[in-house]
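Each residue of the sequence shown is one higher than the one before, counting from 1454 in the working numbering.
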Amino acid sequence: MTQEQWIRAGTADELKQEKAKVIRGGIAVFATEDGGFAAVDNRCPHLGFPLHLGSVCEGILTCHWHHARFDVASGGTLDPWADDVPAYDVKVEGGDVLVRSVPRGSGTVEQLKQRLREGLEQNIGLVIAKAVVGLVEAGVPAEDIVRIGIRFGTSQGAGWGAGLTILTAMYNVLPLLDKTGRVLALFQGLVHTARASSGRPPRHLLGPLPASAGGRNERLTEWYRSCVEVRDTQGAEKVLLTALQAGWPAERLAGMMLAAVTDHVYLDGGHTFDFHNKAFEALALMEEGDKPLLLASLVPLLANPTRSEELHHWQAPVDLAGPLREACEALERAAEQPESENASPTGTGDLKIGSEEEGLLALLLGDQPHETLRRLTELLTSGAEPARIAGLIALAAAERIVRFHTQNDFGDWIAVLHTFTYAHAVRERLEATPDPLLSRALLHGAMAVYHDRFLNVPRAPKPDATRGAGEKRPSPNELLELLDRRQQVEEAAGWTAGYLEAGGDPAELWNALGHALLREDAEFHSFQLYEAAAGEYRRWEARTDAFAAEARRTLLLACTRYLAAHAPTARELPHTARIAGRLHRGEKLFEEQ
């Protein structure tokens, strides 16, 4: 330890007279009642208030802003919401008080990871934010940060829910965002995971069935579906853990679990399927030992979900439940036949790019649900690619958002969103798990699009591209300024249309839309919407034809309109993240700007 690492604070006598003094490096030095000295960062770790303006009594330093209390010697807080304040070593030599220039135990990656775990356990947003900022600045890969959140969330509470879904969705969109956006995305996902788990007991697994020499592994899917059918989540969990113990790969596990989910129609408004999809996306990030807790966290979703075929509006005035059952049975019969028997005799089972896609899209958005079911069944049993059809259903659902009229009840935004995010999840899962039984989800999604038709009566006008047009190329910052005002739905859509018409860069727009989401105290569905719209947009980027170009435009407009309808908010969470960033950079928050 060299002399240059120590800062002279003054003589011991001077400091005892002054009681508190701020020295170079923004360090507050205190004379304590026992005749000693202590030094801490002068910025309160809560909101940066100058601690030298606080008071020390019986070894406790109290900040006068929100009355957070700290052990002045160690910096440890008595109020966890405030976080610990960095403390510095102090020594007296020759009557001079010297303070080491570097705080004790500052900033190792493992310490930051531990602080993140503590922030999650205690549900303290500021601690989570500081840990995220520190880890990102230290170059820790995002997947390492997300793993901590997923391990925590799946070990607590009632199972997979909104918090873990947000966290996984925000991990998926990180490539679209700048550095500030990535920090906000990780923070939002982690803090929602902490909130969802707060006050929940740890989860304990039941364990697999005992080892058996028989051929039961081939019957596990049947057993799992039977348990779910009668809402027996304990039996379902044991069967699932038995399949895991048998070494089933993720694709086979997804096929088993989602077969049970699609045995009934549009469970819980699509959330059940969507949550399963997100969990399997998260599974790809995790280690082998994480699988049991993660996948078992899905089973509670099957305890009492709403089965849409039992709802009145799925049975009358137009019966959808009966035709859906018949169409699903046709798909199941086709799945049992050899693949060659399902191929179209003319080789035209798949849709042609352009005209046939336009025809199916029009049918999905129309008022002929039985004809829609017939056409989809025909396509799927004659060799059409299920994931491609899922993309068209998602596009139809996005069009419902684009043409959603603001005279509808505000809560109806979520109705059109549910269908879109469900259709996106179906497409994602069909690409990863080409199990024939999952194609039933396409029929469920198509009927949800049909149900949403009344929310387009009247239809919102097409966005006016001239609203975003001007002599110079528009900047995405203009959209963010527009969304500082409430209910700028049509104005924001017009701006986006004009931006695209003027040749604006879609990548810059996705980043701006990400900030439009992440700077708000957004609720669960807004995170779903942004991630799903971006995911669908990415699928259409591989094509250069006019239909694909219009699909991309539709997805950007849908995202813009939904986010505009839900902005602005109080923006408390982003403020916490901003404070964490400024504290990390050593800024003096209470100096005049």
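We put the CB at the ideal spot given by N, CA and C, even for glycine.
Quick check: the Cα distance between residue i and residue j, rounded to an integer number of angstroms?
i, j, result
"residue 1566", "residue 1880", "35 Å"
"residue 1775", "residue 1768", "8 Å"
"residue 1633", "residue 1710", "37 Å"
"residue 1454", "residue 1484", "Bear in mind that a pLDDT of 39 at residue 1454, under 50, signals an unreliable position, so the number given afterwards is only what the model happens to contain. Distance between the alpha carbons of residue 1454 and residue 1484 is about 24 Å."
"residue 1627", "residue 1635", "6 Å"
"residue 1543", "residue 1480", "11 Å"
"residue 1754", "residue 1857", "30 Å"
"residue 2036", "residue 2025", "17 Å"
"residue 1864", "residue 1908", "11 Å"
"residue 1893", "residue 1781", "6 Å"
"residue 1818", "residue 1614", "30 Å"
"residue 1830", "residue 1891", "13 Å"
"residue 1607", "residue 1653", "11 Å"
"residue 1512", "residue 1487", "9 Å"
"residue 1555", "residue 1537", "16 Å"
"residue 1651", "residue 1575", "7 Å"
"residue 1728", "residue 1915", "33 Å"
"residue 2012", "residue 1972", "15 Å"
"residue 1945", "residue 1966", "11 Å"
Return the bridge partner residues of residue i from the DSSP annotation.
i, result
"residue 1514", "1509 and 1523"
"residue 1483", "1473 and 1491"
"residue 1540", "1493"
"residue 1609", "1655"
"residue 1869", "In DSSP, residue 1869 forms no bridge with anything."
"residue 1553", "1459"
"residue 1503", "1496"
"residue 1718", "BP columns for residue 1718 are empty, so no partner."
"residue 1674", "Residue 1674 pairs with nothing; no bridge assigned."
"residue 1545", "1550"
"residue 1530", "1523"
Beta-carbon within less than 6 Å of residue i's beta-carbon, same chain only, minus the 5 sequence neighbours each way: which residues are those?
i, result
"residue 1583", "2033"
"residue 1639", "1585 and 1598"
"residue 1642", "1619, 1620 and 1623"
"residue 1509", "1483 and 1525"
"residue 1871", "1722 and 1723"
"residue 1477", "1460"
"residue 2018", "1866 and 1942"
Please determine, among the options, the residue with the shortest C-alpha to C-alpha distance to residue i.
i, options, result
"residue 1900", "1941, 1867, 1930 and 1846", "1846"
"residue 2027", "1718, 1579 and 1509", "1579"
"residue 1557", "1576, 1508, 1696 and 1494", "1494"
"residue 1656", "1629, 1672, 1604 and 1681", "1604"
"residue 1528", "1520, 1541 and 1782", "1541"
"residue 1718", "1516, 1682, 1697 and 1979", "1682"
"residue 1861", "1912, 1472, 1830 and 1649", "1912"
"residue 1708", "1602, 1678, 1740 and 2020", "1678"
"residue 1828", "1820, 1563, 1743 and 1816", "1816"
"residue 1662", "1648, 1689, 1647 and 1675", "1689"
"residue 1936", "1758, 1948 and 1905", "1948"
"residue 1825", "1514, 1953, 1561 and 1895", "1895"
"residue 1964", "1956, 1983, 1950 and 1876", "1983"
"residue 1617", "1868, 1808, 1736 and 2043", "1736"
May I ask which residues mark the beginning and end of the beta strand (DSSP E) holding residue i?
i, result
"residue 1459", "1459-1464"
Give the range of the alpha helix (DSSP H) segment to which residue i is assigned.
i, result
"residue 1853", "1839-1855"
"residue 1581", "1578-1590"
"residue 2032", "2025-2037"
"residue 1807", "It is not in any alpha helix (DSSP H) - residue 1807 carries neither H nor E in the DSSP assignment."
"residue 1747", "1744-1749"
"residue 1728", "1724-1736"
"residue 1572", "1562-1575"
"residue 1993", "1977-1993"
"residue 1701", "Here residue 1701 belongs to no alpha helix (DSSP H), and DSSP marks it neither H nor E."
"residue 1641", "1632-1650"
"residue 1935", "1929-1935"
"residue 1755", "Residue 1755 -> no alpha helix (DSSP H), and no H or E assigned at all."
"residue 1770", "No alpha helix (DSSP H) holds residue 1770; DSSP gives it neither H nor E."
"residue 1828", "1822-1834"
Tell me which same chain residues have a C-beta within less than 8 Å of the C-beta of residue i, skipping the five on either side of it?
i, result
"residue 2046", "Low local confidence applies: a pLDDT of 43 at residue 2046 is under 50, so the model's placement there is unreliable, with the coordinate-based value given in what follows. There are no such residues."
"residue 2005", "1959, 1990, 1993 and 1994"
"residue 2092", "Look at the range of the chain in this structure, 1454 to 2046, and you will see that residue 2092 is not part of it."
"residue 1976", "2019"
"residue 1811", "2000"
Under 9 Å between C-beta atoms, does residue i make it to chain D?
i, result
"residue 1552", "As a matter of chain content, chain D is missing from the structure shown, which is built from one protein chain."
Note down, in chain order, each residue of its chain lying with its Cβ closer than 7 Å to the Cβ of residue i, except the 5 sequence neighbours on either side.
i, result
"residue 1468", "1462, 1474, 1482, 1484, 1490 and 1550"
"residue 1670", "1699"
"residue 1745", "1658, 1694 and 1697"
"residue 1521", "1497, 1499, 1530, 1532 and 1535"
Is any heavy atom of the ligand ZN found at a distance shorter than 8 Å from the C-beta of residue i?
i, result
"residue 1530", "For the ligand ZN, the structure offers nothing, since it holds no ligand at all."
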